[in-house]
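Peer 1:
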Amino acid sequence: MDRASLLRPDRREPIQVGFRSICAVCCTDFIPRDKIKLLLDPAKEDDVLNQRYPGSVQRWAPVGKYICMEFRQMHAYGTHVVEAATMHAECYDYVSKHSTSEVLWLATAWRLPWVAAPTMRLESTDAVLPSRQVLKNLNLDIAKISLPEIVIAIKEYCPDSLVWKHAEFDHKLKSITACVAVFPKQSMPLEKVLSWKRGGQPSKVQTPQQTFVRFTMDHDGIREIERMVELPAFGSASSTSCMYSFIDEKDVDFKKHGDWTLIFEAGLARLKLPLLAPLPCIWDTAAPLSSPMLPLIKHQSGLHTTIDLRKARGLSFVVGKHGVCGLHVHTNAEPDAPELWASEESVLVTEYMPLPEGEEILGFELRTPSRVASQGPLGALFKGYLFFRLKLAGTVAVGLQRMHRVNCQALVAPSSPSKLVVVSDPSMHFEADLARMVAIHSYPVGHQEARPYRQYNIYPESHALPENDSPTTYSRASLSEVVRAQVFLHGESRSCAGVLFTYKNGAQRAVGQCRIGLDRSRIYEHPKQMGLTLDMEISLGRPPGMLVMFDGRYCSHDGPLHVTDPDGSRWTQCPMSGELICWAEPDVSFFMPSKLRAPQ
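So in the numbering used here, spot 304 of the sequence shown is number 391, and the numbers just go up one at a time.
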């Protein structure tokens, strides 16, 4: 069989195809070497077949309406010329047997409220009984379950099983198929839609006027559309099953970009945006943040995630060579650090900021280069770094810092924040599959509206910086009054990746990379001395003193003690006094070649 032409005869440039790194059927992330298939829009099939497909596609083969390929590392596109629904090959093989490509397209692609919408990982609230066909497809020879209570109990015990995911999707396909004839396809301008709920017909506006439109989205796409005169007050409760988008029609330039159109089909709805129109932002609360920064927020596309700091036990920031690209909140339900792929661990650093019981964030500062600071705290990319002022532990620095003085502008929250609003843009991928954080905002305690940021430094610029132009992460901790030290080991080696110190006053500070719940660790109670190894088990091509610095001004009069173990390793043992400082570069796989020894 001859190979099909990769270029259209009337154009030389390739056609861009937008695809995602999450399965549209089972809603799980792809991992390297997964076999996937891309379902193309049946209405645009003739325009995209036999074209060149960009991205990290290692093998391709046009087969009907999909492309079979091997997944390695895929990147989403902010603006899609052609959209595709991505799914596991086995998921597609199962669902395609019981549905047409048109129905399958509605069930997968329409899970996103509009083209180029960020991926929303929402929990499904449906408790669907698995059919015998689903059980047979998964090679499960068990009796059919009839009691919903038993189904719910089993689902809570193993929620990630394909039994539930395929059962839910199978139920969804049947529902869409039954609604195709009842709800034919129609389109209406957004300004003419008054309200709509899934499974019904849209209501039309009698008197056109520019108001606010709120979209409520769940696991299956747009669930409800409401038109309101004004935005509701900012709600403090975030949701894991619904997301919300707010459109102010006064800010929409219909003359410049064209009409925003709603498409209704089979009881479902999807928003069609004109080319080059700004993408709506999405919140995890039923109302957006009420703040003087709202004009900036409205034009900051992406996911706006609200973090309740009162429930947080710690924050893990994932930092790459381009800046902060991820944030994980440690709670009682999710105490462990985010797990990265093996290929990501060598280019990403996880900075941990513990928030033990009794700890409180008193201040928050975003320090960014002056050339981008004019965009404000919600517009500046993380080319700078963050400072958190803690009640017990003092000031903690997070993010990339250049190892020389730079002209920075500090933007500080006016009071103690109870919440953080993190803006992430899944279309911006720098390392692997992590969506980059593009902005962060704090919501103060006891205020109905957040006040503007003000310029003030909570951390001086006078701390010593090594002479190096490389962007690095920076962490430091006092060695005085330490009651507990947890040493995290690098991989399977004995090398130290980071240390979590606990102090007499209950404070905690992390130095280096501390991945809670992932890396092996050793605990030392009431350590009296510290050992720095002079032998690096992983070569960095540089003296070890440039990576780890020990302030020995408060050591005993005898000074550091140099020791050589029987195995040949050389140590410098020092009392637990002074400070331990760590610089770590995101593009190396070794962060801190130091060790702690138990008291002799």
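All C-beta atoms in this analysis are idealised placements derived from N, C-alpha and C, irrespective of residue type, glycine included.
1. According to DSSP, Val-405 sits in a beta bridge with which residue or residues?
2. Helix or strand or just coil, what does DSSP make of Val-574?
3. Looking only at its chain, what residues have a beta carbon closer than 7 Å to the beta carbon of Trp-197, apart from the 5 residues adjacent to it on each side?
4. Do you know offhand how far Thr-264's Cα is from Ala-194's?
5. Nearest CA to the CA of Leu-396: which residue from Pro-443, His-253 and Cys-669?
6. To the nearest angstrom, how far is the alpha carbon of Trp-670 from that of Ser-567?
7. For His-417, collect the residues of the same chain with a Cβ closer than 6 Å to its Cβ; drop the 5 residues on either side in sequence, then sort them by chain order.
8. Who are the near neighbours of Ala-364 in its chain, counting only those whose CB is closer than 6 Å to its CB and skipping five residues on each side?
9. For Ile-118, count neighbouring Cβ atoms within 10 angstroms of its own Cβ and tell me buried if that reaches 16, exposed if not.
10. Here's the rule I'm using: 16 or more other beta-carbon atoms within 10 Å means buried, otherwise exposed. How should Arg-120 be labelled?
11. Is it the case that the stretch 312-323 contacts the stretch 296-304, given that we only count it when at least three CB pairs across the two stretches are under 8 Å?
12. Excluding the 5 residues flanking Ala-353 on each side, which residues of the same chain have their C-beta closer than 7 Å to its C-beta?
13. Straight-line CA distance for Pro-630 to Glu-579?
14. Could you please give the first and the last residue of the uninterrupted alpha helix (DSSP H) stretch that includes Val-182?
15. On the DSSP letters alone, give me the boundaries of the alpha helix (DSSP H) that Ala-194 sits inside.
16. When the Cα atoms are used, what is the spatial distance from His-258 to Ser-188?
17. Which residues in the same chain as Pro-375 place their Cβ atom closer than 6 Å to its Cβ, once the five residues preceding and following it in sequence are excluded?
18. First and last residue of the beta strand (DSSP E) that includes Leu-334?
19. Between Lys-252 and Cys-113, which are expected to be in contact by the criterion C-beta below 8 Å, what is the C-beta distance as a whole number of angstroms?
20. Please work out which residues of its chain come closer than 6 Å, Cβ to Cβ, to Ala-480, disregarding the five sequence neighbours upstream and downstream, and give them in chain order.
21. Expressed to the nearest angstrom, what Euclidean distance is found between the alpha-carbon atoms of Ser-108 and Met-174?
22. Beta carbon of Asp-371, beta carbon of Ser-325: below 8 Å?
23. Just confirm the distance between the C-beta atoms of Glu-210 and Thr-327, as a whole number of angstroms; I'd bet it's less than 8 Å.
24. If you follow the beta strand (DSSP E) that Phe-302 is part of, which residue opens it and which one closes it?
25. Taking only the alpha-carbon atoms, compute the straight-line gap between Thr-294 and Lys-279 and give it to the nearest angstrom.
26. If the criterion is Cβ atoms closer than 8 Å, does the pair Val-509 and Leu-366 meet it?
27. Pick from Glu-311, His-306 and Val-485: whose alpha carbon is nearest that of Gln-288?
28. Ile-350 and Lys-359 - do their beta-carbons sit closer together than 8 Å?
29. Have a look at Tyr-439, Val-202 and Val-570 and flag the residue whose alpha-carbon is nearest the alpha-carbon of Leu-473.
30. From Leu-249, Ser-565, Trp-283 and Glu-446, pick the residue whose C-alpha is nearest to that of Pro-662; which is it?
31. How is the beta strand (DSSP E) around Lys-284 delimited, first residue to last?
32. Just the C-alpha distance for Gly-389 and Met-330, rounded to the nearest angstrom, thanks.
33. Kindly indicate the opening and closing residues of the beta strand (DSSP E) around Glu-313.
34. Helix, strand or coil for Cys-588 per DSSP?
35. I'd like to confirm the pairing. Which residues does DSSP put opposite Trp-670 in its beta bridges?
36. How many Å lie between Ile-603 and Cys-110 at the Cα?
Peer 2: A quick look at the data gives this:
1. Counted from its first residue, the sequence shown places residue 405 at position 318. Val-405 is bridged to Gly-413 and Thr-437.
2. Taking the first residue of the sequence shown as position 1, residue 574 is located at position 487. The DSSP-derived three-state label of Val-574 is strand.
3. As a working note, residue 197 is residue 110 in the sequence shown. Counting only Cβ-Cβ distances below 7 Å, and skipping sequence neighbours, we find Gly-308, Leu-355 and Arg-357.
4. Walking along the sequence shown from the start, residue 264 turns up at place 177. Walking along the sequence shown from the start, residue 194 turns up at place 107. The alpha-carbon separation between Thr-264 and Ala-194 amounts to approximately 10 Å.
5. On the sequence shown, position 309 is the one that residue 396 refers to. Residue Pro-443 is the option with its Cα nearest to Leu-396.
6. Working through the sequence shown from its first residue, we reach residue 670 at position 583. Working through the sequence shown from its first residue, we reach residue 567 at position 480. Going by C-alpha positions, Trp-670 is about 20 Å away from Ser-567.
7. Walking along the sequence shown from the start, residue 417 turns up at place 330. Sequence-distant partners of His-417 (beyond 5 residues in either direction) whose C-beta falls short of 6 Å from its own C-beta, in its chain, are Arg-400 and Gly-401.
8. Taking the sequence shown and counting its residues from 1, the one referred to as residue 364 is at position 277. Excluding the 5 residues flanking it on each side, Ala-364 has same chain C-beta neighbours closer than 6 Å at His-344, in chain order.
9. Taking the sequence shown and counting its residues from 1, one reaches residue 118 at position 31. Ile-118 should be labelled exposed.
10. As a first step, residue 120 is located in the sequence shown; it is residue number 33 there, counting from the start. Exposed: under 16 other Cβ atoms inside 10 Å.
11. Output reads yes: the stretch 312-323 touches the stretch 296-304.
12. Position 266 of the sequence shown, counted from the start, is the residue given in the question as residue 353. The residues are Leu-193, Ile-263, Cys-266, Val-267 and Phe-270.
13. Position 543 of the sequence shown, counting from 1, holds the residue named residue 630. Position 492 of the sequence shown, counting from 1, holds the residue named residue 579. Confidence at Pro-630 is low in this model, with a pLDDT of 31, below 50, so its placement is unreliable and the value that follows should be read with caution. Rounded to whole angstroms, Pro-630 to Glu-579 spans 23 Å at the Cα level.
14. Translated into positions along the sequence shown, residue 182 becomes position 95. Here the alpha helix (DSSP H) through Val-182 covers 176-182.
15. Position 107 of the sequence shown holds residue 194. It spans 188-195 - the alpha helix (DSSP H) in which Ala-194 sits, taken as one unbroken run.
16. On the sequence shown, position 171 is the one that residue 258 refers to. On the sequence shown, position 101 is the one that residue 188 refers to. Ser-188 has its alpha-carbon roughly 16 Å from the corresponding atom of His-258.
17. As a working note, residue 375 is residue 288 in the sequence shown. So the list reads Phe-333, once near-sequence residues are dropped.
18. Here residue 334 is taken as the residue at index 247 of the sequence shown, counted from 1. Leu is not the amino acid found at residue 334; the sequence shown has Ile there. Run containing Ile-334: 330-335, per the beta strand (DSSP E) assignment.
19. Counting from 1 along the sequence shown, the entry for residue 252 is found at position 165. Counting from 1 along the sequence shown, the entry for residue 113 is found at position 26. So it is a contact: roughly 4 Å between Cβ atoms.
20. By 1-based counting over the sequence shown, the position of residue 480 is 393. Leaving aside the five residues that flank Ala-480 on each side, the residues in its chain whose CB is nearer than 6 Å to its CB run, in chain order, Ala-594 and Arg-596.
21. The residue given as residue 108 occupies position 21 in the sequence shown. The residue given as residue 174 occupies position 87 in the sequence shown. C-alpha separation (whole angstroms): 9 Å.
22. Within the sequence shown, the letter at position 284 stands for residue 371. Within the sequence shown, the letter at position 238 stands for residue 325. Cβ distance < 8 Å, so Asp-371 and Ser-325 count as in contact.
23. Taking the sequence shown and counting its residues from 1, one reaches residue 210 at position 123. Taking the sequence shown and counting its residues from 1, one reaches residue 327 at position 240. Correct: roughly 5 Å between the Cβ atoms.
24. Taking the first residue of the sequence shown as 1, we reach residue 302 at position 215. Run containing Phe-302: 299-305, per the beta strand (DSSP E) assignment.
25. Walking along the sequence shown from the start, residue 294 turns up at place 207. Walking along the sequence shown from the start, residue 279 turns up at place 192. A straight line joining the alpha-carbon of Thr-294 with that of Lys-279 spans about 9 Å.
26. Residue mapping note: residue 509 aligns to position 422 of the sequence shown, counting from 1. Residue mapping note: residue 366 aligns to position 279 of the sequence shown, counting from 1. Not closer than 8 Å, so no.
27. The residue labelled residue 288 in the question sits at position 201 within the sequence shown. Closest option to Gln-288, Cα to Cα, is Glu-311.
28. Mapped onto the sequence shown, residue 359 falls at position 272. Mapped onto the sequence shown, residue 350 falls at position 263. Closer than 8 Å, so yes.
29. Reading the sequence shown from its first residue, position 386 is the one you call residue 473. The closest CA to that of Leu-473, considering only Tyr-439, Val-202 and Val-570, is found on Tyr-439.
30. For this step, residue 662 is matched to residue 575 along the sequence shown. Minimum Cα-Cα distance from Pro-662 among the listed residues Leu-249, Ser-565, Trp-283 and Glu-446 corresponds to Ser-565.
31. Counted from its first residue, the sequence shown places residue 284 at position 197. Start and end: 280-284.
32. Locating residue 389 in the sequence shown gives position 302, where the first residue counts as 1. Locating residue 330 in the sequence shown gives position 243, where the first residue counts as 1. Gly-389 and Met-330 have their alpha carbons spaced roughly 12 Å apart.
33. Here residue 313 refers to the residue found at position 226 when the sequence shown is read from its first residue. First-last of the beta strand (DSSP E) with Glu-313: 308-315.
34. The residue given as residue 588 occupies position 501 in the sequence shown. According to the sequence as given, residue 588 is Phe; it is not Cys. Three-state DSSP puts Phe-588 in a strand.
35. Counting from 1 along the sequence shown, the entry for residue 670 is found at position 583. Residue pairing by DSSP puts Trp-670 in a beta bridge opposite Tyr-561.
36. Start at 1 with the first residue of the sequence shown, and residue 603 comes out as number 516. Start at 1 with the first residue of the sequence shown, and residue 110 comes out as number 23. C-alpha of Ile-603 to C-alpha of Cys-110: approximately 28 Å in a straight line.
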